[in-house]
Amino acid sequence: IAEQSLPDRWDHELYQTAQQLESPALILRPSLTLPDHPHLSLQGLLRSHLCWCHPQTLTLALKQFWSELFRARCLFFWQRNDIPLKNLTLAVLVQPLEKAIASGTVQMNQTHWQVQASWGLGQSWVQGEVIPDTLQGKQGSTDIEQQTLGHKTRAYTLASPPPPEENPTSYPCLQVQPVTDDQQTQYALDPSTLEQLLTLTQPLNAQNIDNFSVEWLLTAAFPPETGEDALTPPVPKQQLYLTQYDSHKRETFTPVPSPMNKTAPLVTGLAASPGEVVAPVYLLDTDTASEIPTGQILVMKTMMSEWLPLLSSAAGLVIEQGSLTSHGAIIARELGIPALVEAVDALHLLEAGEKVRLNGAEGAIYAVTSEAATPAEDSPPTDPPQGGFYPLGTQLLVNLSQAEVLPKVSHLPVDGVGLLRSELMMLGLLQAHSLTWWLDHPEQLVESLQRLIEEFAQTFAPRPVFYRSTDWRSQEFPPLPELPDSPAPNPLLDIRGTFTYQINDHLFEAELQALTRVQRTHKNLKLILPFVRSVAEWQACRQQVQQHGLLALPGFEMWMMAEVPSVLFLLPEYVKAGVAGIAIGTNDFTQLLLGADQQQRPLAEMFDARHPALLAALEQLITTSQQLEIPCMICGQAPVDYPALIDKLIQWGITGISVEPEAVLSTYQAIARAEQRFLLQRMRQQQ
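In our numbering, the protein residues as written are 999 to 1685.
Here is the structure:
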């Protein structure tokens, strides 16, 4: 379809008709009916396509639109439901693409209506990048019975049209803008506009269709007699549009419980670890951290390294500051306890001893009015997918640090431990004694490290365990002797990684001794060096490893984390120096490549793992590794946060993907689907 040309007459008529919409950009929406299968839901099966109102881009978008029918997921859907291609009746609905104030959906059933709304055009909520506001009421009334403020951090708006002399296909129609803090605390629809929207949908409801949904768009247009350049500032006129309608033969939504069962949240934040628990609140600070009862929801301003061991006996975690990749969030996910980060004013909004319900999936804390509301303890799903687990072509590994979770994760369908975070593994040791004490008692330190590492090696043997040596950041952990006491403003750029081994190698030496003892018995350890800045740093560490005899032990390999962007240019030199494989740490790599501190929410929301520069860098690392004949795995949060990335990783030739325990099963299924799609594509190319 893509290679075919439309007749010139068609191109001309299409463009002439499209110009009548008087819009610089267009959206092509699918309208597909299956009279012989009225009970099938087609919502979400076919994508809409955007284009500039230009002959070249319109023709291209139209061909991409029709190609949707023959995508792998659609072909599978037609085959699974016995729908011959000749029975498909597809129409293209061409609409103007306007600058939007807000967008969303209206869903109705026999008793209730539900409206969802978010800022800007609908791409943000269609693609799952934001959580829209949800408002609900009874049929025949515009009164709101229930409303939940969403998590709306970004908005799509219409980009500036391309210059006439430029190729329009090279210019995207949309641009992403961060949502201001004030807008994030506001509902995208005010009561007056909500009432207009419900009034607008009443004629649809009058057709006696039990269940339907309709997408809507709220725009602001300037009166034509004034225009945007008028001397007197014009007042834009808001206009509501219903853009796409879909009738259903089954319930489209389930009304949320009444206010008696679910109230507005006391605190909201970013969902850092799923699960739900009812427990008392414990407000944690330096004065209250000495004795903490078990089973409490720990609430704190920021996570101190000495508090991390407390999570093993906590029911939940709430942090006013911090990111989804902070140590507290990582350990909470590993332990399977619900957690929130960026929970603004949680210390002031919650009272010590108050029993609350923490929902980690929603990112919210609710008041508890009845003991009957106490949920059962959540745990990650462990049931295998239908048909069981079958071997994947791409290795799936698990990130770990806490030995106490080994009984829960040892049976997961993984090829080993892809990232054993050493400094988090040592938290229990630091709780027993200070770092200085351990360094003054090196033999006890080596024996303790040996016991810890051996637990992981023995549990997963003969599967490999990739031990990442300590990445000691002074702002997050007690400073090593001889390192500066005052931490850098940004710990990402601090004295850390393998550079610290050149200043004080006592801890690294203890790690190497412990690794040597364990490897002699279990033969399944690999060493990954963290945050390597230069080939010289790597060579110095390799020399130390060689002195301990590790390189001569069967099964041992020495890898490095690909976190510093210079690895894009130095990878061949690293391989010549003995690097056996690389593990891409997307969390640090993304920040350094894009210059965006992930602790700053506006930057984190605008510059993430889907940035084209990062995708190009990942592809280069993976393909270069293939050319150099070394394995390459990825062990950051990116494949979990953005599962669509897994398709690209497999297409590029990634060797393995390592994720946290709670994401293993979903990642397994994502890898399996991606591999099937890739094989299907290869088969078609060969035909």
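C-beta atoms are modelled at their ideal positions from N, C-alpha and C, and glycine is treated no differently.
Coarse secondary structure for Q1173, derived from DSSP in three states:
strand
In this structure, what does DSSP give as the bridge partners for P1188?
This sequence places Asp at residue 1188; Pro is not what is there. Partner(s): none; D1188 has no beta bridge.
Can you tell me whether H1688 is buried or exposed? The criterion is at least 16 other CB atoms within 10 Å of its CB, across all chains shown.
For residue 1688 there is no data in the structure shown, the boundaries of the chain being 999 and 1685.
Is the CB-CB distance between V1415 and V1403 below 8 Å?
no
Would you identify the three-state DSSP class for N1397, choosing helix, strand or coil?
strand
Going straight from the alpha carbon of V1657 to that of D1639, what length do you get?
11 Å
Alpha carbon to alpha carbon, what distance is there between S1029 and I954?
Here the chain has residues from 999 to 1685 only, and residue 954 is not among them.
Using beta-carbon positions only, say whether Q1145 and L1133 come within less than 8 Å of one another.
yes
Tell me where the alpha helix (DSSP H) around N1585 begins and ends.
T1584 to L1592
May I ask you to report which of helix, strand or coil DSSP gives D1034?
coil
Pick from L1566, N1165 and V1562: whose alpha carbon is nearest that of T1496?
V1562
Pick from K1406, A1455 and E1571 that is closest to M1558, judged by C-alpha positions
E1571
H1431 - DSSP class collapsed to helix/strand/coil
coil
Secondary structure of A1218, DSSP reduced to three states:
strand
For the candidate residues Q1175, C1171, W1117 and A1153, whose alpha-carbon lies nearest to that of A1186?
W1117
For T1151 versus Q1182, is the C-beta distance shorter than 8 Å?
yes
Which same chain residues, not among the five before or five after V1573, have their C-beta less than 8 Å away from its C-beta?
L1626 and I1628
Please say whether I1129 and V1265 have beta carbons closer to each other than 8 Å?
no
At least 3 beta-carbon pairs within less than 8 Å: the segment 1004-1021 vs the segment 1047-1065
yes
Who are the Cβ neighbours of L1058 in its own chain at under 8 Å, not counting the five residues just before and after it?
C1049 and T1167
Same chain, Cβ closer than 7 Å to Q1649, five either side skipped, listed in chain order:
F1676
For L1067, collect the residues of the same chain with a Cβ closer than 8 Å to its Cβ; drop the 5 residues on either side in sequence, then sort them by chain order.
L1044, L1083, L1086 and L1088
If you draw a straight line from the C-alpha of W1064 to the C-alpha of C1630, how long is it?
37 Å
For the beta strand (DSSP E) that contains R1355, what are its first and last residues?
K1353 to N1357
Please check the pair A1615 and L1591, which I expect to be a contact at CB under 8 Å, by giving their CB distance rounded to whole angstroms.
6 Å
Check whether A1581 and C1633 have beta carbons under 8 Å apart
yes
Which residue or residues does DSSP assign as beta-bridge partners of P1028?
V1090
Using a Cβ-based criterion (distance less than 7 Å to any ligand heavy atom), does A1661 qualify as near the ligand SAM?
The ligand content of the structure shown is nil, which means the ligand SAM is not present either.
The segment 1543-1556 / the segment 1434-1449 touching (three or more Cβ pairs under 8 Å):
no
Tell me which same chain residues have a C-beta within less than 7 Å of the C-beta of P1161, skipping the five on either side of it?
none
Exposure of I1335, with buried meaning 16 or more beta-carbon neighbours within 10 Å
buried
What are the partner residues of V1275, as DSSP defines its beta bridges?
L1356
Excluding the five sequence neighbours on either side, which residues of its own chain have a C-beta within less than 6 Å of the C-beta of L1569, listed in chain order?
T1622
Confirm, please, whether the CB-CB distance from L1338 to S1310 is below 8 Å.
no
With a 10 Å radius around its C-beta and 16 neighbouring C-beta atoms as the bar for buried, classify K1235 as buried or exposed.
exposed
To the nearest angstrom, how far is it from the Cα of R1449 to the Cα of E1617?
38 Å
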